[in-house]
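Heads up: the sequence lines are chains A and B, in that order. The numbering used here puts the first residue of the first sequence at 66, with every later residue one more than the last. The numbering used here puts the first residue of the second sequence at 66, with every later residue one more than the last.
There are 2 protein chains.
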Amino acid sequence: MNYQAKWLWYPGDLEKYHALKQNFSRVERGCSWPAFWKSDGFRQRVVFRRTYRLETPESFTVFGPPGAAGYADVNGRKYPFGQPISCEAGEIRIGLHIGCIGCVPAVYVQGDVICSDGDWTVEDYCDPPVPAASNRYFTEPEQNVAEWPMMETSYAPVAAEEINGGALFSFETELTAELEVNVLSEKEALPLVYLGESQAEALAGKDCYFFCRPDPETRRCPRQAMRYAFLPGYRAEEVSVRAHHRYVDIPVRASFHCDDEELNRIFAVAAHTFSLCCDVFFLDGVKRDKWIWSGDAYQSLFVNRYLTGDKEIEQRTLIALRGNDPVTTHINTILDYSLLWILAMGEHEATYHDEAFLRRMWPQMVSLMDLLMRQRDEHGFTVGRQQDWVFIDWADFDRDGPLCAEQMLLAAAYGVMARYGSRSEKAFYEKEKAALLAAIDCSFWDAEKRAYVDSFTSGKRHVTRHANILAVVFDLICEERKREIAKTVLFNDSVPAITTPYFRFFELDALCKLGYLKEVLAEIKSYWGGMLKLGAVTFWEEYDPSLPLEKQYAMYGDPFGKSLCHAWAASPIYLLARYFAGLQIDPASPTGYNLHPADGFFSQLDCVMPVKENNLTISIRGGQLITKSSDALENREE
Amino acid sequence: MNYQAKWLWYPGDLEKYHALKQNFSRVERGCSWPAFWKSDGFRQRVVFRRTYRLETPESFTVFGPPGAAGYADVNGRKYPFGQPISCEAGEIRIGLHIGCIGCVPAVYVQGDVICSDGDWTVEDYCDPPVPAASNRYFTEPEQNVAEWPMMETSYAPVAAEEINGGALFSFETELTAELEVNVLSEKEALPLVYLGESQAEALAGKDCYFFCRPDPETRRCPRQAMRYAFLPGYRAEEVSVRAHHRYVDIPVRASFHCDDEELNRIFAVAAHTFSLCCDVFFLDGVKRDKWIWSGDAYQSLFVNRYLTGDKEIEQRTLIALRGNDPVTTHINTILDYSLLWILAMGEHEATYHDEAFLRRMWPQMVSLMDLLMRQRDEHGFTVGRQQDWVFIDWADFDRDGPLCAEQMLLAAAYGVMARYGSRSEKAFYEKEKAALLAAIDCSFWDAEKRAYVDSFTSGKRHVTRHANILAVVFDLICEERKREIAKTVLFNDSVPAITTPYFRFFELDALCKLGYLKEVLAEIKSYWGGMLKLGAVTFWEEYDPSLPLEKQYAMYGDPFGKSLCHAWAASPIYLLARYFAGLQIDPASPTGYNLHPADGFFSQLDCVMPVKENNLTISIRGGQLITKSSDALENREE
């Protein structure tokens, strides 16, 4: 057998199928809550083709997903799936026809020479043939492509106590686990189990997000974000519980150790937080929403490149977010999330330089850009339609007319399109970008306040940080104006503070780009360090330093609405790696990176970061920088 | 409970889901064979909405398909499906959110006042809200919309004999049945069963299309076209078999009795043939292909209006064929089948006058027309692309350059678009039609042969019947030229004869339109009567009068390749009803029809035909015409 064989599908279909599963998987307090946006499907009928020239007779077997319709056409003759097909030597033209309604149409070909090892094309009866897609997760014929393979590590509770008339079990950290419950006493019914990210939530009865009875066969609850399990009516010794942590195999390849133990701990907890949120796709949080959001995914790219270097989860997420053409609605219904998707495509390409992926996605970048451009007003500003959510952030914007921050994103998106387009596309988008920047300057720059205002139509000249931050982050203005904005906006206490960790990412990034590393480090230590001081084992969706622990769980008007393990809270990984360790991934450089550690922060530093297929060790001892590169696969723990 | 409640879905989704099931259901000789064209899917995420003003408190329960994700939003609060939801009096705003991957997202609302009785809207996060769809088949909460409900009638075999070392069971006619097999002897294994449309096929071993072992639980074989069942290795008394004929409930509302017993029998056998082919959709045949073909469906419309008057199967079929926008490939991959779909839309509207359906489908008519128009050459002739199948018929056309018959269909399609378009569309398509007819006349009319030639580019001036027939059928030429063509083409033995029953439909229709009823009647009696003389219980895909029965089964190079129950063979129903009984359905007329029985054919006639919701009885006695109209539902046998 050829061990290179993998399951094959039409590029994008597996991602779209699993994205539907993911976005429909949210269940809270017994209520299923599918995501509220246009959810695009996968192809239902494809054909895989390849021609071999056999030197000797050969036999092979084709497998499809359960319930799929299909056959193998071998030199014009039909054969069913699942049975060995014998061929004589000579030319063998194979077409694997498959139709599948409830799952991705996929095939696995098992054989010595004839096998699904990658050089197959696939057609969808619409577009010209394309190379079939595969991945490293689906390599065995007995797998079902509908079920993403998970790794499993089992944990015993670290504590058990009796409280509120039941047994409360605690685990050392947050997990995405199937809790197994075995009743040791004479009680017959399986217990009702309350799972919580916090002890308070597990004990909150009907306010707890997840409660269930274990499956009578497996004794397991469904996979769920959890750290605490409460079983009312049971004593601890009456039951035995184990948490089977299940996760997608995406190894963390980075570590960070400096002479500041708090920073080391922040990096480690951020890494655990981010790892939990790296599922089949980048998720916003593991308790909630478990949906694929473009704005959250955009920030995840920055962390992911330093933590796992896994480009596949980025591509899966980008494909899943974008859906199918024709595009009529914005990603997650949000105007700025469409723009951030284009910016994410640019970030991804700048990091991994995957030309084939870029070319494949390019038509979808253009068509999404077309939608954004169709929504422009007479000044060239993109404006939300009635059905669009113009978000940017939870903040009090002056939303009269076009919003300045959206135009900053649009200018940056033009830049991405110009960078990766053909010569004529480059000229086209560069011209659009220049015209837009001029229009922004003309309409939104307040010469008196020395800042960009939200709206030029209301006359209120209201300044928020957002547009100004984005102008810095995306390098849309000259250095002089950046310095000016730092003073007039970023360090101006009369401009309302950023309140969400989501936009704090952009703000801290802007501060770092402007060289305010000391201020950023202080903020990392106070904000993320503050969570650690409250006992956080993962970083939270939001944190208000002024509140005690018991008031930290509420959000969105729900007593336990806050996600305690949220991807965007992992941004210290990016900030520490990019600006303090000073590592910039650069596929154009011969080493694949540029390294300029910040001066004066660490007398001692030992960290490892992924750079392409290598792990780069960066050490500082007595002001001396030492680097070492080693093959990542060799170091990988199995 | 309100007994008006039905399952609801987004218009078109149920049809597209079941079309996938249908087109993927073909299994022959153990090999599954999904249809080889672009197969469009259904929406996966929709929301149904309605607002009530309750005078008293009320409770209702929402049901979704198995495995669906979703919840009921009632005045902003979430409730799970499957559990009663209580409301106080007052305004109740309901949103039923549902996501479903493997099946149509559908809901059923059970309650006294709040129920899914039709006045719901549905949204797909893309287009504005539309009225939710339902049908008469899905009215019970415990139904699964993935399984189309079937009626069942059980048949005992009419004969059993021992032959070729096994037991052969015969049924009185062809059925689409689940064969139940009970073994009465001591033998333990369930028998292998060979099913045949003909005795020869059932006995043909590996050449037989369908063989299977009954399901051990139900003792039933899968639903299959069959008249004969052969059980090798069994004696007739060792087994008991019953055929459970399963069919979609579409009552035949027509009958035809005249003083020619052969014609009566032809009508009855055609009716049985057609009924078997009326499944969820119009099928080409029940043994083969069981696919939804546009050309076949087009002809089925003509029979269906006289036999069942069921407009729903027509709409299901038209929706299923058309699939989704953007349209990039032709229906069933065939250029002329796209044109016939537009013509079918026109036929459907002319028969049922369903303005709402026409308006719903109109954008898809326009976009398909756009595709056809994008493929035009400099003369305005539509030309197949490399991926298109330019079919028209199995005939030796001169295929150099544009094919004349395609242009005739295009001109007729322009006519449909002009008939149903807005004022500006009407003018546009009328202009296109006039220009095309002029171009056809200029390029394809051979002034010497007094006939349309296939190709004007090859210089061969090759005449086939097809384009000439279509010019008559679609009334594209003046009466004088029609008469001329009758002589130079239709009754000219040097022009190759039509060999397929598919195109014979158009030819006989043309002859009828030209008044050659005597010739058509003779043909009906010789061709269809010929099949009866060979013992046909259903009409065949093709019939060569020169061959004995045992040579009739082969087709497409396969010894049993011919379908013995094929929808297009039911056309005598249309010909007899339309031209001999003389009934023309006309929604614009006050009675809904025009009736002009042909003179001189029947001294006695008793027939019943559906006209809207009524059954029209047409009797001729001694040259006197008597009609009677009665409510169809009252006469319906349950």
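Built from N, CA and C at the ideal position, the CB exists for glycine as well. All of these numbers come straight from a predicted model, not from anything done at the bench.
Taking 9 Å as the cut-off, the Cβ atoms of ALA478/B and ILE407/B count as close. Residues TYR259, GLY261, PRO624 and PHE625 of the same chain have their beta carbon placed closer than 8 Å to that of ALA269/A, with the five preceding and five following residues left out of the count. The contact set of THR393/A on chain B, defined by CB atoms closer than 7 Å, consists of CYS191 in chain order. A Cβ-Cβ contact shorter than 9 Å links ILE163/A with VAL112/A.
Distances from the CA of LEU366/B to each of THR398/B, GLU412/B and ARG381/B were compared; the closest alpha carbon is that of GLU412/B. For LEU244/B, the enclosing beta strand (DSSP E) covers residues 231 to 248. Residue-level contact by beta carbon fails for ALA385/B and chain A, as no gap is shorter than 9 Å. ASN140/B and GLY594/A have their alpha carbons spaced roughly 42 Å apart. DSSP places THR393/B outside both helix and strand once states are collapsed to three, so it counts as coil.
Per DSSP, CYS342/B is one residue of the alpha helix (DSSP H) stretching across 326 to 342.
Taking the Cα of THR522/B as reference, the smallest distance to any Cα among SER508/B, PRO610/B, ILE534/B and ASN533/B is reached at SER508/B. In the DSSP assignment, ARG292/A falls outside any alpha helix (DSSP H) and lies within the beta strand (DSSP E) extending over 289 to 297.
Taken through DSSP and simplified to helix, strand or coil, ARG546/A comes out as helix. In the DSSP assignment, TRP454/B is bridged to ILE399/B. In the DSSP assignment, ILE357/B falls outside any beta strand (DSSP E) and carries neither an H nor an E.
PHE276/B and GLY350/B have their alpha carbons spaced roughly 18 Å apart. For ILE563/A, the secondary structure class from DSSP, reduced to helix, strand or coil, is coil. For ALA308/A, the pairing in a beta bridge is given by DSSP as TYR220/A and LEU244/A. Per DSSP, LYS616/A lies in no beta strand (DSSP E) and is assigned neither H nor E. Beta-carbon to beta-carbon, ARG114/A and TRP185/A are separated by about 7 Å, close enough to satisfy the 8 Å threshold. GLN429/A counts as buried, since at least 16 other C-beta atoms from the protein chains shown sit within 10 angstroms of its C-beta. For the pair ARG569/B and VAL585/B, the Cα-to-Cα distance works out to about 11 Å. Straight through space, the alpha carbons of GLU226/A and LYS525/A are spaced by roughly 58 Å. In the DSSP assignment, MET596/A falls within the alpha helix (DSSP H) that extends over 594 to 598. Contact with chain B is absent for TRP356/A, since none of that chain's Cβ atoms lies less than 9 Å from the residue's Cβ. At a Cβ-Cβ threshold of 9 Å, GLU239/A and LEU629/A count as neighbours. Non-local beta-carbon contacts of TRP356/B in its own chain, meaning distances under 6 Å to residues more than five positions away in sequence, involve ASN88 and ALA100 in chain order. If you draw a 10 Å sphere on the C-beta of ALA575/A, you find 16 or more other C-beta atoms in it, and that means buried.
The Cβ of VAL112/A sits closer than 9 Å to at least one Cβ of chain B.
Fully contained in the region 402 to 475 of chain A is no beta strand (DSSP E) run of length 3 or more. Bounds of the alpha helix (DSSP H) holding LEU79/A are 78 to 88. Here PRO566/B is not near ALA460/B, since their CB atoms are 9 Å or more apart.
In the three-state reduction of the DSSP assignment, SER654/B falls in the coil class, being assigned neither a helical nor a strand state. Counting only Cβ-Cβ distances below 8 Å, CYS96/B has contacts in chain A at TYR136, LYS143, TYR144 and PRO145, in chain order. Between LYS103/B and THR398/B, the C-beta spacing is below 9 Å.
Per DSSP, reduced to three states, the secondary structure at VAL528/B is coil, with no helix or strand assignment.
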